[in-house]
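J.: Numbering (our numbering), first residue to last: 34 to 904. This structure is in structure tokens; I'll ask about it shortly.
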């Protein structure tokens, strides 16, 4: 291998393990797990954000100081201790960084506090994406702070504000637990003593206090989606970029970290240029790293959700995404397209709605623009109107027409955003996808516009597509494109996903719930493209943001195979619950009930005996209730987070315990029996998903503790602490595959599969890092139940084969199809291979190829999956 190729592959993780750090799980806790992950076969620990975050943060994305490592995690000393322990065990470290936003917290964020104290004169005034020249004259030169529980005047007259001097001799405004800097006029050194004087002083501040309910419509700064507590950061400014990344680049240069995961890259002004700058800096620092690390390629992946046909721009110079695209692909190929019609029928019967999923997204976009991202949308419209009024050729374009045109256009965008920007010519990009996507969206929008609104749309498109460096054009283009991802996420993942419930395993981040399944041919084509263009991208099956755990999705996938039986079961439960529903007409409605039934099926433990205690039952019900409340509020059909419908929520909360009425004959127990009955096939799917992740082109990432069965729900449920003591003990078990298969419900079989597959990757690094991806065809009676491919690098070869769509053939008690049921099914590996011996690296079983064929009954003699190495 030449030097350039060596540098391309050296340093790329073999496999990562994502760890969620917080005050209850620190660097010291992670350090204690180094032997476990080394034994599992992981090459790199992948840490959630380590920079200083709000005290008590459970995720680290609410950064308060980019220049310090979080003291709650153990500070720099704790981090370096973890890094040394990991390095000694042969593990590297990848960290998650948050360049897009910080916590708008005056108490703990010194940059933000300085902005509030000094306004435009603060040295950090340009660090945050604040519109200091707001169209609202009362906000010019000020920052709106919508933090009050009541309207401002009511809070003021109720005496909820007090003033004081802090220990440093600074004047402060106290509102509950919040302390804000209070700037006194020149020459004044006394604090106001009456309400009128306090009001006059507050009017002189560089911020304006407001009722929290005004934030969505009047905020004059960029935020993270609609989270007002997070303030957007201007990475496009050179000094801001340096300040935000100084710690990260130092840790890389000193050899403590080996790669970066960039959070929410779409929120940045120019994602392409940002990624290029990070790559260029890492490449510049690499030769100065200690020892052999100077030869290691700095691994760089980005959190990016791609549309169905959307390419990741190669000029970004990243190694790939964080794997939501793979999470969709591997899940879809394990669903059955034949379930689409009966599941559609069930959904229409329950919901009374025959619209496709795209219509739900369209409605969600209208809702979010009108009610949630109002300030961001109005800001773009006012900028457009200001420019239009200044030009005689466009001054007749009204604000009304611009608003209607922009609404219609944004509601037709099928992806997260476009990327028109002033990217330097040394990294040119192909704009073909953006041009076609924008053109199609505009054409669809025109169908709903009047002539003056069509003219307004053409005016908007001119700004979006213009590659010039005119300052107003750049500002409009940037703000418009930063609005797009917030709109996409809030309307799709956080609205439509909770309104459309045909099959919840497809309602996942990065997936299109309107697509039931993916044919094997399509999956293979995707993997070949990944091998050719993004061989070092991350492969995820679970994340800290997933809606359902990897094995919960795999159990729900079985419903696509048994759609008629599922519909019959639901009809029976609905009939039994009819008297209860008549007695309590306030909720939940059919949509929420069908989602609840699916959630119970997906979250049900593999071993029902684990629910035998009262505490375990309570914990399970509490998890479901927390999910149910979030689902109702995110859907925004019966209230929302800001305007909850407490009567509906109360009725829905009471419905779940009512399902348990009747003890062993209750609907809840019947749901549990259904989950148990499809459990073996669900586990088979889970094993197939795991092996595909571990052998496909890319870098597999194991989410914390999910080596066992993962039936988690949306956050915060998916961020619960794993039982690492149990995982350690199970990893050391050497009982063998026969016992692990028989006792599959305890999860050891999945963990041992992961350990074994990662061991093969460690023994054959080039095969899986660089090897070809070749689809293999199956034939015979159960050909559709086989998915297989070959990886080849030089003389090394591996055949990966998994069982799929097995619900009608699976052993009633074991997660496999009994060997005799395969009958004449075989896998064609090529006539040129003749009679070749293969060794299943998982079980140690020898498998013979005859005339270029592998018999499925031999390949799957023990397990529903196989990893064959040519001997």
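The C-beta atom is built at its ideal place from N, Cα and C for all residues, glycine as well.
So does residue 188 have its beta carbon nearer than 7 Å to some heavy atom of the ligand FMN?
T.: With respect to the ligand FMN, the structure offers nothing, as it holds no ligand at all.
J.: The alpha helix (DSSP H) spanning residue 77 covers which residue range?
T.: Here residue 77 is taken as the residue at index 44 of the chain shown, counted from 1. Counting along the chain, residue 77 falls outside any alpha helix (DSSP H), though it belongs to the beta strand (DSSP E) covering 77–80.
J.: Please list the segments of the beta strand (DSSP E) lying wholly inside the region 203–262, counting only runs of 3 or more residues, in order along the chain.
T.: As far as the region 203–262 is concerned, its whole beta strand (DSSP E) runs of at least 3 residues are 204–208, 211–214 and 240–244.
J.: Count the other C-beta atoms from every protein chain shown that fall within 10 angstroms of the C-beta of residue 226, then say buried if there are 16 or more, exposed otherwise.
T.: The residue labelled residue 226 in the question sits at position 193 within the chain shown. Looking at its Cβ environment, which holds fewer than 16 other Cβ atoms inside 10 Å, residue 226 is exposed.
J.: Hey, how far is the Cα of residue 884 from the Cα of residue 870?
T.: On the chain shown, residue 884 is found 851 positions in, with the first residue counted as 1. On the chain shown, residue 870 is found 837 positions in, with the first residue counted as 1. Spanning the two alpha carbons is a distance of roughly 12 Å.
J.: Starting from residue 148, trace the alpha helix (DSSP H) in both directions and tell me its first and last residue.
T.: In the chain shown, residue 148 corresponds to position 115, counting from 1. Start and end: 143–151.
J.: Taking the alpha-carbon of residue 42 as reference, which of 196, 801 and 175 has the nearest alpha-carbon?
T.: For the purposes of this step, residue 42 is identified with residue 9 of the chain shown, where counting begins at 1. With distances taken between Cα atoms, residue 42 lies closest to 801.
J.: Quick one, are the C-beta atoms of residue 536 and residue 488 less than 8 Å apart?
T.: For the purposes of this step, residue 536 is taken as the residue at position 503 of the chain shown. For the purposes of this step, residue 488 is taken as the residue at position 455 of the chain shown. It is not a contact, given that the beta carbons lie outside the stated cut-off.
J.: Taking the beta strand (DSSP E) that residue 399 belongs to, which residues open and close that run?
T.: Within the chain shown, residue 399 is the residue found at index 366, counting from 1. Note, residue 399: premise wrong, no beta strand (DSSP E); alpha helix (DSSP H) at 390–404.
J.: Cutting at 6 Å between CB atoms, please list the residues of its own chain near residue 568, excluding the five before and the five after it.
T.: One-based indexing of the chain shown puts residue 568 at position 535. For residue 568, where only same-chain residues beyond five positions count, the Cβ hits under 6 Å are 730.
J.: By DSSP, does residue 311 sit in helix, in strand, or in coil?
T.: Start at 1 with the first residue of the chain shown, and residue 311 comes out as number 278. Looking at residue 311 - three-state DSSP - the assignment turns out to be helix.
J.: Going by C-alpha to C-alpha distance, which of 118, 86 and 116 sits closest to residue 105?
T.: By one-based count along the chain shown, residue 105 stands at place 72. Closest option to residue 105, Cα to Cα, is 86.
J.: Please work out which residues of its chain come closer than 6 Å, Cβ to Cβ, to residue 55, disregarding the five sequence neighbours upstream and downstream, and give them in chain order.
T.: For the purposes of this step, residue 55 is taken as the residue at position 22 of the chain shown. Contacts found: 91.
J.: Does DSSP classify residue 442 as helix, strand or coil?
T.: Counting from 1 along the chain shown, the entry for residue 442 is found at position 409. Helix.
J.: With burial defined as no fewer than 16 other Cβ atoms inside 10 Å of the residue's Cβ, what is the status of residue 690: buried or exposed?
T.: For the purposes of this step, residue 690 is taken as the residue at position 657 of the chain shown. Exposed, because fewer than 16 other Cβ atoms sit within 10 Å of the Cβ of residue 690.
J.: Leaving out the 5 sequence neighbours to the left and right, which residues in its chain are closer than 8 Å to residue 542 when beta-carbon positions are compared?
T.: In the chain shown, residue 542 corresponds to position 509, counting from 1. So the qualifying residues of the chain are 338, 357, 360, 526, 576, 578, 579 and 580.
J.: To the nearest angstrom, report how far apart residue 653 and residue 822 are at their CA atoms.
T.: In the chain shown, counting from the first residue as 1, residue 653 sits at position 620. In the chain shown, counting from the first residue as 1, residue 822 sits at position 789. So the two alpha carbons sit approximately 39 Å from each other.
J.: Using DSSP bridges, identify the partner residues of residue 685.
T.: Here the question's residue 685 lines up with position 652 in the chain shown. Note: residue 685 sits in no beta bridge, so no partner.
J.: If residue 531 and residue 668 are in contact, beta carbons under 8 Å, what's the gap, nearest whole angstrom?
T.: Against the chain shown, residue 531 aligns to sequence position 498. Against the chain shown, residue 668 aligns to sequence position 635. With 8 Å as the limit, residue 531 and residue 668 qualify as a contact, their Cβ atoms being about 4 Å apart.
J.: Along the chain, where does the alpha helix (DSSP H) that runs through residue 626 open and close?
T.: To locate residue 626, count along the chain shown from 1; it is residue 593. Segment 623–636, the alpha helix (DSSP H) holding residue 626.
J.: Which residues mark the beginning and the end of the beta strand (DSSP E) in which residue 733 is found?
T.: One-based indexing of the chain shown puts residue 733 at position 700. Looking at the DSSP string, the run of the beta strand (DSSP E) that includes residue 733 is 732–736.
J.: Using a threshold of 8 Å, state whether the C-beta atoms of residue 97 and residue 142 are closer than that.
T.: As a working mapping, residue 97 is identified with position 64 in the chain shown. As a working mapping, residue 142 is identified with position 109 in the chain shown. In contact: residue 97 and residue 142 (Cβ atoms closer than 8 Å).
J.: Please name the residue, chosen from 100, 873, 447 and 891, that lies closest to residue 852 on a Cα-to-Cα basis.
T.: By one-based count along the chain shown, residue 852 stands at place 819. It is 891.
J.: Give me the DSSP bridge partner(s) of residue 55.
T.: The residue given as residue 55 occupies position 22 in the chain shown. In DSSP, residue 55 forms a bridge with 58.
J.: According to DSSP, is residue 334 part of a helix, a strand, or is it coil?
T.: Taking the chain shown and counting its residues from 1, one reaches residue 334 at position 301. Residue state, collapsed to three classes: strand.
J.: Rank 62, 570 and 692 by C-alpha distance to the C-alpha of residue 705 and give the top, closest one.
T.: As a first step, residue 705 is located in the chain shown; it is residue number 672 there, counting from the start. When only C-alpha atoms are compared, the closest one is 692.
J.: Mapping DSSP to helix, strand and coil, what is residue 496?
T.: By one-based count along the chain shown, residue 496 stands at place 463. In the structure shown, residue 496 sits in a helix (DSSP, three-state: H, G or I).
J.: Helix, strand or coil: how does DSSP classify residue 742 here?
T.: Taking the first residue of the chain shown as position 1, residue 742 is located at position 709. Of the three classes helix, strand and coil, the one that applies to residue 742 here is coil, per DSSP.
J.: With burial defined as no fewer than 16 other Cβ atoms inside 10 Å of the residue's Cβ, what is the status of residue 412: buried or exposed?
T.: Taking the chain shown and counting its residues from 1, the one referred to as residue 412 is at position 379. It counts as buried.
J.: Hey, quick one: how far does the beta strand (DSSP E) through residue 895 stretch, first residue to last?
T.: As a working note, residue 895 is residue 862 in the chain shown. No beta strand (DSSP E) contains residue 895, which DSSP labels as neither H nor E.
J.: Please state whether DSSP places residue 368 in a helix, a strand or coil.
T.: To locate residue 368, count along the chain shown from 1; it is residue 335. Note: residue 368 maps to coil in three-state DSSP.
J.: Using only the alpha-carbon positions, how far apart do residue 136 and residue 493 sit?
T.: Locating residue 136 in the chain shown gives position 103, counting from the first residue. Locating residue 493 in the chain shown gives position 460, counting from the first residue. Looking at the two C-alpha atoms, the distance is approximately 32 Å.
J.: Based on Cα-Cα distance, which residue from 317, 765, 333 and 376 lies nearest to residue 295?
T.: Taking the chain shown and counting its residues from 1, one reaches residue 295 at position 262. Of the candidates 317, 765, 333 and 376, the one whose C-alpha sits nearest the C-alpha of residue 295 is 333.
J.: Put residue 49 into one of helix, strand or coil per three-state DSSP.
T.: Locating residue 49 in the chain shown gives position 16, counting from the first residue. If DSSP states are grouped into helix, strand and coil, residue 49 belongs with the strands.
J.: Which partner residues does residue 903 have in the DSSP bridge list?
T.: Translated into positions along the chain shown, residue 903 becomes position 870. DSSP, once it has assigned bridges, lists 871 as partnering residue 903.
J.: By DSSP's criteria, residue 806 is part of a beta bridge. Which residues make up the other side?
T.: Here residue 806 refers to the residue found at position 773 when the chain shown is read from its first residue. Note: residue 806 sits in a beta bridge opposite 824.
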